[in-house]
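The sequence shown begins at 1 in my numbering and counts up one residue at a time. Ideal placement from N, C-alpha and C gives every residue a C-beta, glycine not left out. Notes follow the structure.
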Amino acid sequence: MTILDSRYEQLIDDLCAEYRPQREWAEGRGFFLIVGHFLVGLAAGAWLFGLIFGDSFSLIGGWLLAGLGGLAHLVNIARPERAFRMMTQARTSWVSRGFWGLLFFMIGGTLYLWALLVPSDGWNAASGLAQAALVLSVIGALILICYMGFVYTSSKGIPFWDSTLHPVLYISYAARGGAAMALLSIAYGTGAGIDQNTLLGLWLAATAICAVLWILEIQGAYASRDESAIRSVHDILAGRLALSFYAGMLVIGLILPAVLVAGIVAPMSATVMGAVGIASVVGDFFMKYASIKAGIYLPLRIN
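What follows is the structure, encoded as structure tokens:
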């Protein structure tokens with residue numbers, strides 16, 4: 001059986017089912033969309049935290065992650081020229097705004113890092129052009145942080161995504177990811193001068209907000225009484241995505257960092273903070289993977 005035959009049979013099976021899981025943004029090349037969204041959100045958070053704490057490790061890491069996220073998006077859409085067509089629809093499309101945000105971020109971030117890391121006479125981080133590039137990079141980062149949640153909220157055919165909490169959830173995860181990258185900098189980068197208590201407090205606050213928002217998302221799906229949304233939650237909690245949820249999100253992304261922060265395994269140190277950062281980032285990936293793959297279309301009913 002060829003790949004085309006397999007996909008055709010899968011499509012027929014989905015159309016015969018009353019509740020169809022979305023596959024375009026989760027399987028095949030669609031998996032790279034999940035990777036891309038994860039990377040650019042993490043990149044934007046890392047960039048902003050790098051600016052706040054004056055941490056070059058987070059800035060460079062954010063820039064590199066954004067570049068990788070852009071490549072993942074290009075793999076997803078298969079043909080680069082499609083990206084240019086998408087960018088012409090910024091007035092109505094959050095996807096288009098996301099591409100513009102990534103472009104602003106990469107241009108501004110490249111120029112600012114150049115001035116910061118390779119200064120010369122008249123060209124340094126304090127110069128006018130570098131400051132303009134910094135502003136452009138921040139605008140791009142803010143767009144990247146915000147646009148993803150609105151992309152899913154605007155997908156009205158998938159009730160689980162159609163939640164006003166989704167944009168706030170993605171913003172919170174970007175903050176958590178940015179804090180995690182700064183924690184990694186303390187352990188492996190240039191973050192020796194970062195106030196560790198302040199950073200850890202920010203990470204804990206972002207984690208608490210993410211946890212509360214997830215609970216509210218699940219409660220909202222049940223309260224909506226929409227069978228598609230309820231089935232999405234069931235897939236996450238007790239179905240095809242349960243392993244990603246419990247092992248990835250809860251154990252790696254929440255319980256393990258909590259144990260490390262509490263000092264149960266070892267006293268708090270730079271190495272422990274780095275482990276917290278790694279576990280947090282891994283957990284965030286599984287959050288996005290589970291929430292995107294859990295999307296189920298409204299049923300097609302012919303009266």
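Work out the CA separation of residue j and residue i for me, nearest whole Å.
i	j	result
V310	I292	What is shown of the chain runs 1 to 303, which leaves residue 310 out entirely.
I236	A115	45 angstroms
F105	A262	36 angstroms
L200	I143	25 angstroms
S120	D195	30 angstroms
C210	V40	18 angstroms
D226	L256	34 angstroms
S155	E217	16 angstroms
S137	L111	9 angstroms
L103	R85	14 angstroms
M87	F245	34 angstroms
R91	S172	25 angstroms
G283	L117	32 angstroms
P299	S224	16 angstroms
A141	A83	19 angstroms
R307	V212	The displayed coordinates of the chain run from 1 to 303. Any statement about residue 307 would go beyond what the structure contains.
W25	S93	17 angstroms
A133	I107	7 angstroms
G193	R29	41 angstroms
A130	A208	36 angstroms
Would you list the one or two residues that DSSP bridges to residue i?
i	result
W123	S120
P21	I296
Does the distance from the CB of residue i to the CB of residue j come in under 7 angstroms?
i	j	result
F160	A238	no
A174	I145	yes
Y147	G191	no
L250	V276	no
I252	A294	no
Using CA coordinates, which residue listed in the options is at the minimum distance from residue i?
i	options	result
G149	A133, P167 and I139	P167
A187	F285, T207, T271 and E27	T271
A242	M86, Y289, M268 and G67	Y289
L71	D284, H37 and W94	H37
A205	G189, Q219, R176 and R23	R176
N197	L117, L129 and F53	F53
G189	S280, T207, D55 and L33	D55
Under 6 angstroms Cβ to Cβ from residue i, same chain only, skipping five residues before and after it: list those, please.
i	result
W203	A179
I296	Y19, P21, S228, R231 and S232
L68	L39
M273	L183, I186 and A187
F286	S244, G248 and M249
G109	W63 and S137
Beta-carbon within less than 8 angstroms of residue i's beta-carbon, same chain only, minus the 5 sequence neighbours each way: which residues are those?
i	result
L113	L59, I60 and W63
L65	L39, V40, L42, A43 and A46
L254	T207, A211 and G283
Excluding the 5 residues preceding and the 5 following residue i in the sequence, name in chain order all residues of the same chain whose CB lies nearer than 7 angstroms to its CB.
i	result
V95	M86 and V151
S163	T153, E217 and G220
From the beta carbon of residue i, is the nearest beta carbon of chain B less than 7 angstroms away?
i	result
L103	The structure shown contains no chain B; it holds only a single protein chain.
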